[in-house]
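Heads up: the sequence shown runs through residues 4 to 763, numbered per my numbering.
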Amino acid sequence: MNINKKKSSTLNSLIILLVFAANSLHAFSTLTKLKEYVLAYSEYPPSDNNNWLDPDYTTFHQSITTNPLLRWTHKIGLRKKITWNEVNFHTLLKEVVDHRETQKLTGDTVVHIHCKPNTKIYVWSDLHGALHSLIRCLTSLQKQNIIDDTLKITQADTYFVFNGDSINRSAYNLETLNVLLNLLEKNPDNVFYIRGKHETKSYWQNFGLKRELKIRMAHLSEEAIPLASWINRLFNTLPLAIYLSVDKKPSELIRISHVGRKNNIIDEEKMGNLFSTHIDSTITYHQLNNKKDRTSPIDIKVIIKTEDWMKEQRASNGLGLLDQDKGATAWAVLSSPTIAHRKYYNFFYDAFAVITVGSSVDTTPITLYRNNLKTEENFALYQTYNIVTAIAKGTPTYKQKRKKDFFIGSSMALELGVPIMGQRTKRGMSVAINQTNQTGGINGHQLRTIIHNDDYVPYLTRQNINGFIKKDINTILLPVGSPTLNSYLDYIRKQQIAVLFPITGGPQFRAPDLKGLIHWRATYNDEVQALINYLVTEYNTYKFAFFYQDDAYGQEPVKAAHETLKSLGITEWVDIPYTRAAIDFTKQAQIIEEKQPDAIGFFSTGQATQELIRQIGIPTLTNKQLFGISFLGEQPFRRFIKQHGLEVLFGAVVPNPYTSELEIVKNYRTAMDANNHPYDIFSLEAYITTNILADILKKIGKTPTKDNIIKYIETLKNYTFKGLTLTFDPQRRDLAQYVWIETGKNVQWIQQEINKKTIR
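Right under this line is the structure:
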């Protein structure tokens, strides 16, 4: 070994020991020191790249990484700028990890806190290394005497919860972790740091924390990623969820977790007697690998989780109401004004939420506190809501007496099959449900929705419906699809369930004996009739061809097309069938080229229609009228035709969501804008029908049941609702009066009255 290198190494080690001895009190252990530090360094130092989802601060970290001698000169007053001490961080990290591992807080765990009334839980989420923001929050709490200068919580029955993703996307990941470690050390029973996506080994090592460790901690560890093993051990001690319960109704719970309730790791059904042990202990830990069937009923009424902010932006004020999650009112907290949140979210706040536990979950408020960095306002109470109903404090219904909740189930494709249709239906339904609950619910009843994914698979759908029946949930709203609806038609015939406003235009479901079924939308046959009438009368189109799937999916619409043409005196057309799952449409393309129709109707899937268009060639279709039923208008197909410069007329069961002046559609646009959602036909249909149901439930005037809902709808005649006029048709079991023809985004669509006597 080189002697000089050995001497240098020995000297460095000695200096490190001297600095550690001189600095045994952690520099980051007081709020005063923390405020000094954040004042000394820019909140937004320059990044080496323009990727705000993963900014690279290598140059900045190199500039602030000092050797032990320079830190020592600061200690004795020769250097003015305060520095962060990695030795102290390393020591604190090991101390906290060792303590938590000794307490057996490792692996996948959850925590149950049984709360006294007036217990306060402060919640931060998605800090992403926003050190300056966190220090401003803690400073505001110090001014309220909630914590002291040593970061000790001084108020009784007070808890801090950091709901995951506290690192990455910032220049100060290690400093932020340092503060959280100090809070955990000083308040081991009152501070909880929940494991989020960025606190998992497979995730954090792909982002900024990895780079920061390699630059700033290399001299303290021989690991490829310095201290990676200790960081992973820390994250392995973090719980996945916190559950809050209250004395009066211990079975009713508030859950705080980074993930939602579809996460398979957290299964409340396998937590044994966790939620019935509150008498013995205020705080109970549970290992999820200790799977035991739950011994007593529970009701998760509220969940606070993270929002997928690349898809949704409902927490843009700091606290956002999300879609209900398996019947639980869902909230998201966003706490940090990182560069990414500023650029993608227009978020300029320091923010946290405070849950003040009431005598029950139903009487518990949640309050948003925030500091507006644009206006330089100090921290202030922004708004208080009932945590269950989301009714804002100060509104007339805030303190209304609650009645029994009314549960609604639904099954739709959310991941596979027709996921865009399902997701948008869910979106419109959820917006309407939240809006109803925020204005007092249904005569004091809160609406609670449980929506299960079925991937458009009939047997999965039947499983979902069986699950609802077992839980005595027998009102099903807006299920998506014909084959899935068909899978439980026997339950509908027996009136075991009431199915309201399914997303299907299949005429096979319009039989008078299906007493448990009510439709809003027109049939696909109605759409076909309207489209052909429009093309014949407006464009003098007489030569038609129909490309259709040769099974129940396509045969009914093509039959309706034939009948409509006959009624118009047209007796010749070209039928072009294909078999399901076909990928070669050479023969079908040849027929179209030979017959040269003026208009082609597509009663086919989007995928099959795209393949036909590719194989026939765009030039062949440019001068032809192309049309299809609403089911064809899924987003992928719309993108395809737009990319290829084609126009297709679609049938629609709702008016234009962008331009309609109907009161209900204007309300829809206002509600979607408030939730930062785009407009589309599926969410509009769901919004309209959910509001119709809510209005009917209010008019029933008593506890709603599947039977009195059906009976009330069956009496409707010229029922007016926000610009709509509806009449129940007992033969078709529907309320539909009109269909629309899509003629462009920014124009009024053609409205046509349904002729129910000619086509079934």
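Ideal Cβ placement from N, Cα and C applies to all residues, glycine included. These numbers were taken from a predicted model, which means no experiment stands behind them.
Sort the options by Cα distance to residue i and report the nearest one.
i: Trp-752; options: Phe-653, Lys-725, Gln-403 and Val-41; result: Phe-653
i: Pro-658; options: Ala-318, Arg-524 and Ala-395; result: Arg-524
i: His-117; options: Asn-193, Leu-184, Gly-412 and Asp-57; result: Asn-193
i: Asn-171; options: Asn-528, Leu-384 and Thr-203; result: Thr-203
i: Glu-104; options: Arg-236, Pro-48 and Ile-259; result: Arg-236
i: Leu-37; options: Lys-474, Ser-570, Leu-186 and Asn-52; result: Leu-186
i: Lys-273; options: Val-249, Pro-300 and Ile-286; result: Pro-300
i: Phe-409; options: Glu-380, Tyr-401 and Ile-476; result: Ile-476
i: Pro-660; options: Pro-58, Ser-363, Leu-376 and Gly-747; result: Gly-747
i: Leu-492; options: Leu-480, Arg-465 and Ala-697; result: Arg-465
i: Lys-590; options: Pro-600, Ile-579 and Ala-563; result: Ile-579
i: Val-460; options: Gln-441, Ser-490, Gly-444 and Gly-443; result: Ser-490
i: Ile-703; options: His-448, Ala-43 and His-115; result: His-448
i: Asn-267; options: Gly-557, Asp-111 and Thr-378; result: Asp-111
At what residues does the beta strand (DSSP E) containing residue i begin and finish?
i: Leu-729; result: 727-729
i: Met-274; result: Met-274 -> no beta strand (DSSP E), and no H or E assigned at all.
i: Trp-233; result: No beta strand (DSSP E) holds Trp-233; the alpha helix (DSSP H) holding it covers 231-239.
i: Val-194; result: 194-196
i: Met-415; result: 409-415
i: Thr-507; result: Counting along the chain, Thr-507 falls outside any beta strand (DSSP E), and DSSP gives it neither H nor E.
i: Thr-452; result: 450-456
i: Lys-473; result: No beta strand (DSSP E) holds Lys-473; the alpha helix (DSSP H) holding it covers 461-473.
i: Thr-478; result: 478-480
i: Glu-255; result: 255-260
i: Trp-743; result: 741-744
i: Glu-756; result: 753-756
i: Tyr-288; result: 286-290
i: Ala-227; result: From DSSP, Ala-227 is part of no beta strand (DSSP E); its letter is neither H nor E.
Look at residue i and residue j and say whether their C-beta atoms are less than 9 Å apart.
i: Glu-597; j: Leu-629; result: no
i: Asp-326; j: Asn-437; result: yes
i: Ile-197; j: Pro-242; result: yes
i: Ile-156; j: Leu-247; result: no
i: Thr-359; j: Asn-389; result: no
i: Val-531; j: Pro-505; result: no
i: Ala-244; j: Thr-332; result: no
i: Arg-373; j: Tyr-352; result: yes
i: Gln-386; j: Leu-322; result: yes
i: Ile-453; j: Lys-329; result: yes
i: His-261; j: Gly-211; result: no
i: Ala-318; j: Ala-343; result: no
i: Asp-764; j: Ala-501; result: Any property of residue 764 remains undetermined from this structure, which presents the chain solely from 4 to 763.
i: Asn-694; j: Asn-721; result: no
i: Arg-496; j: Lys-473; result: no
i: Ala-548; j: Ile-603; result: yes
i: Ile-713; j: Leu-696; result: no
i: Ser-607; j: Thr-487; result: no
i: Ile-445; j: Lys-97; result: no
i: Ala-174; j: Phe-92; result: no
Would you give the residue range spanned by the alpha helix (DSSP H) that residue i belongs to?
i: Gly-431; result: 422-441
i: Phe-588; result: First-last for Phe-588: undefined, no H or E at that position.
i: Leu-180; result: 176-189
i: Tyr-206; result: 204-207
i: Asn-711; result: 709-717
i: Pro-486; result: 485-489
i: Ile-100; result: One point to set straight first is that residue 100 is Val, not Ile, in the sequence displayed. Element bounds for Val-100: 89-105.
i: Glu-39; result: 34-43
i: Glu-215; result: 211-219
i: Ile-303; result: No alpha helix (DSSP H) contains Ile-303, which is instead part of the beta strand (DSSP E) from 302-308.
i: Asp-493; result: 492-496
i: Leu-66; result: The sequence shown places Ser at residue 66, not Leu. Per DSSP, Ser-66 belongs to the alpha helix (DSSP H) from 61-67.
Would you please verify whether the beta carbon of residue i is less than 9 Å from any beta carbon of chain B?
i: Arg-172; result: Any reference to chain B falls outside this structure, which holds one protein chain only.
Item to check | Secondary structure, beta strand (DSSP E): runs of 3+ residues fully inside the region 317-390 | outcome: Listed in chain order, they are 322-328, 331-336, 352-359, 368-375 and 383-389.
Checklist entry - Can you give, in chain order, each stretch of the alpha helix (DSSP H) that sits fully within the region 517-573 and has at least 4 residues? => result List check, alpha helix (DSSP H) in window: 527-542 and 555-570.
Item to check | Three or more C-beta pairs below 8 Å linking the region 551-568 and the region 736-747 | outcome: Touching, no.
Checklist entry - Can you list the alpha helix (DSSP H) stretches of 4 or more residues lying completely in the region 114-164, in chain order? => result Taking only runs of at least 4 residues, the alpha helix (DSSP H) segments lying wholly in the region 114-164 are 134-146.
Item to check | Secondary structure, beta strand (DSSP E): runs of 3+ residues fully inside the region 615-697 | outcome: Scanning the region 615-697 for uninterrupted beta strand (DSSP E) segments of 3 residues or longer gives 628-631 and 651-655, listed from N- to C-terminal end.
Checklist entry - With a cut-off of 8 Å, do at least 3 Cβ pairs link the region 175-186 to the region 134-147? => result Contact between the region 175-186 and the region 134-147 is present, because at least three Cβ pairs lie under 8 Å.
Next on the checklist: Quick test of the definition: if touching needs 3 or more C-beta pairs under 8 Å, does the region 422-438 touch the region 676-693?
Outcome noted: Taking 8 Å as the limit for Cβ pairs, the verdict is that the region 676-693 does touch the region 422-438.
Checklist entry - So, do the region 285-296 and the region 227-236 have three or more beta carbon pairs nearer to each other than 8 Å? => result The region 285-296 vs the region 227-236: no contact.
Item to check | the region 630-648 contacting the region 608-622, beta-carbon criterion three pairs below 8 Å | outcome: These segments touch.
Checklist entry - For the region 630-638 against the region 708-718, are there 3 or more C-beta pairs whose distance is under 8 Å? => result Flag = no, the region 630-638 and the region 708-718 do not touch.
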